[in-house]
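All residue numbers in the sequence shown are consecutive under the numbering used here, ending with 538. Ideal placement from N, C-alpha and C gives every residue a C-beta, glycine not left out. Working notes, structure below.
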Amino acid sequence: MPKVLLIQTTQYSFGTRTLCKQKKIYLPGLALPLLAAYAPSHWSVKILIEVVDEINYDEDCDLVGIGAMGHAIFRAVEIADEFRKRGKKVFMGGYMVSMTPWFVRDHCDSIIIGDAELSYPELLSDFEASGSIKTIYDRQLDNLEGLLLPRYELLLEKPIGYMLPVQAGRGCPHSCSFCSVACLYKGRYLVRPPEEVMRDIRHIRSLGFRRFYLIDDNIVSNPEYLMQLASQIRPLKMIWASQCSIQIARNDRLLREVRRSGCRILSLGIESLSQVGLDKLGKSWVRVNETETLLRKIQAAGILPATEMLVGTDGDTAESIRQTAVFIRKNHIPVPKFYVLTPLPGTAFYTRIKSEGRLLHEDYSKYTSSNCVHKPANFTPEGLDEAYRDLYRKTYTIGSILRRTILNPHFFRAPSVYLFTLYANMVYRKYIRNGDAPNIL
Ligand code: SF4
């Protein structure tokens with residue numbers, strides 16, 4: 098029986114050789130269990146999630162597949178090199194590999210670009226037929242109908258929390274210049290038929306889970322689709338989270354239905370309080386003078402906002418970053434995260450910054466989104482790094498955490514979820530105190 102080992106790598110703690118490890122995975126990814134389902138039944142599949150698992154380089158297997166999120170790509174190439182030293186064939190995939198195939202190509206035998214549902218079975222079949230695999234597989238889906246049920250049982254063998262992932266859509270109709278989703282999907286947004294999403298949700302419910310994470314790059318991309326999905330989820334009385342644009346709060350009916358269906362946390366790409374900053378990133382359709390109103394509507398509806406914001410846009414100043422800390426406190430954001438704006442290779446933002454001669458260097462090991470690698474408009478790079486760290490320090494004091502979570506004015510709309518965010522904040526605080534961005538949970 099041929100064997101494939103699939104690995105999701107972790108990353109090094111910032112500036113060290115210490116791997117980020119956790120006792121539990123709270124938001125397990127979908128890629129490995131989904132790929133496992135796409136292996137023909139005569140293949141044996143093992144998955145390793147490095148944030149909780151150890152890697153045995155002498156594992157008995159025929160093929161090794163490695164995926165990495167963001168900065169973990171540096172760890173991924175190290176792992177690939179180790180397996181190849183031992184004679185294993187290695188393929189790599191995922192969004193970071195798809196955006197920077199030139200970076201990994203000397204470290205593996207094959208690269209899967211973008212969607213893997215067609216390419217990966219072809220790769221396995223090539224290997225079985227000839228013992229070799231092509232250097233690149235690049236077959237994109239034009240719809241998401243008929244995706245197989247992920248092999249969730251493989252995740253159940255791991256120390257996971259209370260949530261399992263379910264895919265809804267992929268891509269996004271917007272084209273924000275810094276965004277990897279825009280870079281890969283180029284304005285396309287594909288959705289799975291609601292009945293197929295419901296098949297997966299019912300399945301995880303049958304496994305005893307009452308919470309799920311609806312994976313979608315921007316779940317409000319197609320409001321009618323979301324409305325349909327929410328109305329089908331509602332009778333199951335489950336709790337779910339997802340990510341979307343703050344524009345969801347413009348549609349009262351949709352917001353109400355989403356909350357009634359059990360949505361309790363939405364991760365929102367607020368990005369910046371500077372309109373100039375947003376405009377220059379291709380996100381002028383978000384109006385900063387509406388942001389607070391829209392956030393209040395989301396919290397009042399009983400949904401917790403987890404905000405994602407950038408520092409270092411061309412509109413940012415020392416004062417606007419100080420105001421960002423005030424904004425988070427004033428609006429009682431339960432889970433705020435910040436990133437230093439980074440020109441990821443492959444994005445339109447990278448092309449612009451490079452053409453303006455504003456890249457400080459191309460040492461991608463430092464492209465971590467937690468330190469400055471370009472010349473910001475209104476800071477020195479060191480000044481931006483310090484403003485970023487200061488923003489995190491101010492936001493993650495014990496007093497601020499308590500005010501934003503268990504003392505939040507909306508606490509009684511969703512007590513157990515606010516308690517969970519208290520825990521998440523304490524974990525994030527630990528990362529911040531170690532000098533890391535809190536990107537893993
Ligand atoms: S709306 Fe969000 S997901 Fe869509 S392109 Fe912009 S940043 Fe990316």
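Item: According to DSSP, residues forming a beta bridge with MET189; Value: ILE163, ILE208
Item: Span separating the alpha-carbon of ILE209 from that of ARG183; Value: 22 Å
Item: Cβ shell of THR115 (< 8 Å), same chain only, five flanking positions each side left out; Value: TYR109
Item: Cβ contact (3+ pairs, closer than 8 Å) linking the region 494-507 and the region 427-443; Value: yes
Item: Nearest-angstrom Cα separation, counted from SER342 out to ARG384; Value: 12 Å
Item: Runs of beta strand (DSSP E) wholly within the region 265-341 (minimum 3 residues, chain order); Value: 266-268, 286-288, 308-312, 336-341
Item: Sufficient close CB pairs (3 or more, under 8 Å) joining the region 392-404 to the region 292-310; Value: no
Item: Cβ-based burial, HIS271 [other Cβ within 10 Å; buried from 16]; Value: buried
Item: ARG361, enclosing beta strand (DSSP E) - first and last residue; Value: 360-368
Item: Spatial distance of ARG296 from GLN329 (CA atoms); Value: 11 Å
Item: For THR404, three-class secondary structure by DSSP; Value: strand
Item: MET166 versus THR197, CYS205, SER497, LEU516, residue with shortest Cα-Cα distance; Value: THR197
Item: LYS491 versus SER497 - alpha carbon distance; Value: 8 Å
Item: Any 3 or more C-beta pairs closer than 8 Å across the region 273-286 and the region 310-325; Value: yes
Item: ILE176: first and last residue of the uninterrupted alpha helix (DSSP H) it sits in; Value: 170-182
Item: Residue(s) in a DSSP beta bridge with VAL148; Value: Note: VAL148 sits in no beta bridge, so no partner.
Item: C-beta contact flag for ALA327 and VAL355 at 8 Å; Value: yes
Item: Where VAL514 falls, given that 16 or more other Cβ within 10 Å makes a residue buried; Value: buried
Item: Residue burial classification, TYR485 (beta-carbon count within 10 angstroms, cutoff 16); Value: buried
Item: Any non-hydrogen atom of the ligand SF4 closer than 7 Å to ASN153 Cβ; Value: no
Item: heavy atom of the ligand MN below 7 Å from VAL317 C-beta; Value: With respect to small molecules bound, the structure shown includes the ligand SF4 and not the ligand MN.
Item: Coil, strand or helix - THR106 by DSSP; Value: coil
Item: Close Cβ partners of PHE446 (< 6 Å) along its chain, the five nearest in sequence each way excluded; Value: SER274, PHE275, PRO440
Item: Option in SER466, ALA511, TYR464, PRO442 with minimal Cα separation from ARG357; Value: ALA511
Item: Sequence-distant residues of the same chain with beta carbon closer than 7 Å to VAL288, five excluded per side; Value: LEU241, ALA265, GLY266, ASN319, TYR322
Item: SER467 - DSSP class collapsed to helix/strand/coil; Value: coil
Item: Residue from ARG501, THR465, MET523, GLU416 with nearest C-alpha to SER371; Value: GLU416
Item: Alpha carbon of VAL194 to alpha carbon of ASP349, nearest angstrom; Value: 39 Å
Item: The region 173-182 / the region 112-128 touching (three or more Cβ pairs under 8 Å); Value: no
Item: ALA177 beta carbon near the ligand SF4 (any heavy atom closer than 7 Å); Value: no
Item: Alpha carbon of ARG500 to alpha carbon of ILE367, nearest angstrom; Value: 21 Å
Item: Any non-hydrogen atom of the ligand SF4 within 7 Å of LEU313 CB; Value: Residue identity check: residue 313 is Asp in the sequence provided, not Leu. No, Cβ of ASP313 sits at least 7 Å from all heavy atoms of the ligand SF4.
Item: Residue range of the unbroken beta strand (DSSP E) whose run includes PHE435; Value: 432-437
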